[in-house]
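Basically our numbering = 1-based index in the sequence shown + 1048. Built from N, CA and C at the ideal position, the CB exists for glycine as well. Data block below; observations after.
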Amino acid sequence: MPANNNIDEKEHTYQTIKAKPVTLKDDFLFFNNKWYFTFFSALLKLIIKVFLIYLIGPLVFGFKVRNKKKLKENKKSGHIFISNHIHPLDSFLIGTYLFPKRAYFTMLESNLGLPFIGKLMRFLGGVPIPTKRAQLANFETEMGIALKKKHFVGFFPESALKPYHPSIRNFKKGAIHFALKMEVAIIPMVMILKKPKGIYKLYKRKPLIELHILDRYLITTKGTKRETVNYHLEALQKIVSTYFNEHSDIKEDNTNG
């Protein structure tokens, strides 16, 4: 598996701030567990959760979380979670909502070069996917430790951010590859687009955003490793696409976009 986790940089055309070049040190801690980092990370998540999840999120984005019970059922174990990638703040919304559960989300290594935002993403749980093959082993080892500690690790299998995209795009294999290797289940999450109603119609032009939690998905062996990954890639793609099309007010006929 390539060190860049099959990420095509050309896909990532959405940019608001120019990032500085980033070179990770050989001893870079991907899943930073130093006590001072953990403390300030938790403090920052708590502060942002109050404002983003309970104030700004509902007011500005109409943000709601559905099927919360499904998440509570799985909080006592380490899991990989996935979500479609349709808003610049979706990683913040998911990461802070999950707090106090320790949750990480994978991101482009280049995101660390974003002024201020790069460091903020890091403290909120952002883990850069290494572009150097030599660093992939450390990345995988640290992920395994985090999952054994019952933390969550998130992936955006569509890879590229496309704001308010009205369909589920083709998934990359990274999340399934790691779930198979780490022997953990996947919790699918879906960002759903809703048309503004009620008071939101007075000031909202863009769709409202809801986060829906789906049933835990188990990774079982389906022949060879390649066959297993491809089988679950197709299955998860179908589950998430079907759910999006059934619940989103804004959608395309072509579920793969």
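- Between F1099 and I1257 the beta-carbon gap is near 16 Å, outside 8 Å, which marks them as no contact.
- Rounded to the nearest angstrom, the Cβ distance from L1092 to L1172 is 7 Å, consistent with a contact under 8 Å.
- When rounded, the separation of the alpha-carbon atoms in K1229 and Y1251 is 47 Å.
- In the three-state scheme derived from DSSP, where H, G and I count as helix and E and B as strand, I1298 is classed as coil.
- Taking the Cα positions, K1120 is about 31 Å away from L1160.
- When the Cα atoms are used, L1284 and L1241 turn out to be separated by approximately 19 Å.
- By alpha-carbon distance to I1261, the top candidate from T1272, I1287, K1270 and K1249 is I1287.
- Short of 6 Å from the beta carbon of S1089, and not among the five residues preceding or following it, lie these beta carbons of its own chain, in chain order: F1171.
- The three-state secondary structure of V1288, taken from DSSP, is helix.
- Cβ contact annotation for F1203 (same chain, cutoff 7 Å, sequence separation greater than five): I1128, I1130, T1154, G1222 and A1223, in chain order.
- Here F1147 carries a coil assignment [DSSP, helix/strand/coil].
- Counting along the chain, the unbroken alpha helix (DSSP H) around L1228 starts and ends at G1222 to M1230.
- Annotation: S1131 is outside any alpha helix (DSSP H); the continuous beta strand (DSSP E) that includes it extends over H1127 to S1131.
- According to the DSSP assignment, I1134 belongs to no alpha helix (DSSP H), since it is labelled neither H nor E.
- In this structure, I1235 sits near R1264, with a CB-CB distance shorter than 7 Å.
- Per DSSP, the continuous beta strand (DSSP E) segment holding R1114 begins and ends at K1112 to R1114.
- Per DSSP, the continuous beta strand (DSSP E) segment holding I1177 begins and ends at G1174 to I1177.
- Judged by pairs of C-beta atoms under 8 Å, the segment 1174-1188 touches the segment 1073-1080, as three or more such pairs exist.
- In the DSSP assignment, I1261 falls within the beta strand (DSSP E) that extends over L1256 to I1261.
- In the structure shown, the three-state DSSP call for T1154 is strand.
- The three-state secondary structure of V1108, taken from DSSP, is helix.
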